[in-house]
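S.K.: Here this note's numbering is used: the first residue of the sequence shown is 205, the next is one more, and so on.
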Amino acid sequence: MPSCECGFEYNEGTVVCWQCGDLLTESSVPVQSHTSCVLVCGKKQEIDPFKPALILHLISCFEVTFQEGEETITIPLDVLSTPVRIGRRDENQDPPIIPEVDLTPLLERHWDQRFRPPISRLHAALQMENGKPAIKHLVERTSKTWVRHSGDRRKHLLPLNLPLILKDRDVLYLGHQDFGLIKMRVCLL
């Protein structure tokens, strides 16, 4: 497995180091220190701060609450021309299941490993729908995906494989209502 300059090992295709936040390119150009989530896009690429992007700010992971901007995932909108899957990796499968947005490091830090995680391997997908970013739920299991639109008091359960257009400041809920949720706020640049 390749490793970052900080010593953290990562999967081939990972763009941002989960531990130190550096971009994993040949030039090792550092990004803002608060960017620490992993985005896998099939190949290494730099994130251009001047291109339109969707940023997911982690609000909470099960019982742990984060400051706004402490943990983020930045996805350029042009990457969403093909679906970007959110989930947890499973290297025991053949071939291994590695979603583009890998939540495994969060689960390793904040979920009791004795229990099955409430996040599916291929839980949801972000994609462009009619020129706007959208999310759709991918698995028919007990794990669910909800969206609470900005200004709305209740969250809406996503039906299987039906995309929902995302707006700025929407909140995504991934997981199981009773066992634990990962909450992320959508910011559109």
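The C-beta atom is built at its ideal place from N, Cα and C for all residues, glycine as well.
(1) Please determine, among 387, 391, 368, the residue with the shortest C-alpha to C-alpha distance to residue 378.
(2) Near residue 389, which residues of its chain fall below 6 angstroms by C-beta distance, leaving aside the five closest residues on each side in sequence?
(3) Residue 265 to residue 310, Cα distance in whole Å?
(4) State the Cα-Cα distance for the pair residue 248 and residue 277, rounded to the nearest angstrom.
(5) Over the uninterrupted beta strand (DSSP E) stretch that includes residue 304, give me the two end residues.
(6) Relative to the C-alpha of residue 370, which candidate in 256, 294, 305, 339 has its C-alpha closest?
(7) Counting pairs of beta carbons, one from the region 289–296 and one from the region 319–329, are three or more of them closer than 8 angstroms?
(8) Mind checking residue 210: buried by the 16 CB within 10 Å criterion, or exposed?
(9) Verify whether the separation of the beta carbon atoms of residue 314 and residue 347 is less than 7 angstroms.
(10) Quick check: is any heavy atom of the ligand GDP less than 6 angstroms from the C-beta of residue 207?
(11) Between residue 353 and the rest of its own chain, which residues show a CB-CB distance below 7 angstroms, the 5 nearest in sequence each way excluded?
(12) Taking the CB atoms as reference points, tell me whether residue 349 and residue 362 lie closer together than 7 angstroms.
(13) Considering only C-alpha positions, which residue in the set 357, 303, 286, 299 is nearest to residue 333?
M.R.: With the structure as the only source:
(1) 387
(2) 261, 263, 375
(3) 7 angstroms
(4) Its pLDDT being 41, under 50, residue 248 is placed unreliably by the model, and nothing is read from it.
(5) Neither: residue 304 is in no beta strand (DSSP E) and is coded neither H nor E.
(6) 339
(7) yes
(8) exposed
(9) no
(10) The ligand GDP is not part of the structure shown, which contains no ligands of any sort.
(11) 371, 374
(12) yes
(13) 286
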